[in-house]
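To keep things clear, I will list the structure first and then write my remarks on it.
Residue numbers (the working numbering): -18 to 220.
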């Protein structure tokens, strides 16, 4: 497996793969890889001739006071995991490489980025769309792989690909969870032992809502009540 850190080398590699008629799959990540990332890389390796795993903690998608500086990073660990999962290349550029002096262009996908997480993190999805567009341009993939866990992000990227007529197929794969239902995430390392224990209640609450609907319940207040009963077990939960 090759590790590439410069834009010029990444472009040359991608162009060479395409000249040889190979299909390229890309798995964009911010690193600190886990089994959820591995499932994407493995799927890409099964479907494509060459796989690029990108590792870049993107400053554009972090707001003031967020966790950009302390976001977990371990490149040696990540390259080992990416190689084992089937990646052909890890593309790990620096911030200066991706956003040199004078960089000014961003991508705004409109209303889809302004609701839900976007309402609490203004500019977040502008940063996501911008970096993903750049990574698509540099890696030139035929197929790009994302996890359903970041559902709104998937919608944002789908909107961008559709609106800008990008010739890329998106694969949105199911969320990979811990045994107790907690969605795998690089940020789970932030959780204390108690927070980690109670975090799984979020999944249990969602499952309670699903179960109620499966049994024929259609009254929203009753479904919400079943979910809230579980969430009430989390002292510091805010809905």
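Ideal Cβ positions, reconstructed from N, Cα and C, are used throughout, including at glycine.
Beta-bridge pairing of residue i - partner residues as DSSP gives them
| i | result |
| --- | --- |
| residue 7 | 33 and 125 |
| residue 150 | 124 |
CB contact flag (residue i, residue j, <8 Å)
| i | j | result |
| --- | --- | --- |
| residue 7 | residue 116 | yes |
| residue 142 | residue 25 | no |
| residue 215 | residue 185 | no |
| residue 132 | residue 21 | no |
| residue 17 | residue 208 | no |
| residue 66 | residue 19 | yes |
| residue 122 | residue 149 | yes |
| residue 87 | residue 120 | no |
| residue 29 | residue 62 | no |
Continuous beta strand (DSSP E) stretch holding residue i: start and end
| i | result |
| --- | --- |
| residue 72 | 70 to 72 |
| residue -17 | -17 to -15 |
Coarse secondary structure for residue i, derived from DSSP in three states
| i | result |
| --- | --- |
| residue -2 | helix |
| residue -8 | helix |
| residue 164 | strand |
| residue 158 | strand |
| residue 82 | coil |
Neighbourhood of residue i by C-beta, 6 Å cutoff - its chain only, sequence neighbours within 5 removed
| i | result |
| --- | --- |
| residue 42 | 105, 108 and 109 |
| residue 64 | -18 |
Residue range of the unbroken alpha helix (DSSP H) whose run includes residue i
| i | result |
| --- | --- |
| residue 140 | 132 to 144 |
| residue 205 | 201 to 212 |
| residue 63 | 56 to 66 |
| residue 184 | 174 to 195 |
| residue 79 | 76 to 79 |
Cutoff 7 Å; reference residue i; Cβ partners in own chain excluding five residues on either side
| i | result |
| --- | --- |
| residue 155 | 129 |
Minimum Cβ-Cβ distance from residue i to chain C less than 8 Å
| i | result |
| --- | --- |
| residue 164 | Although the question refers to chain C, the structure presented lacks it and comprises just one protein chain. |
Residues near residue i in its chain [Cβ-Cβ closer than 8 Å; skip 5 each side]
| i | result |
| --- | --- |
| residue 170 | 13 and 53 |
| residue 40 | 49, 76, 80 and 108 |
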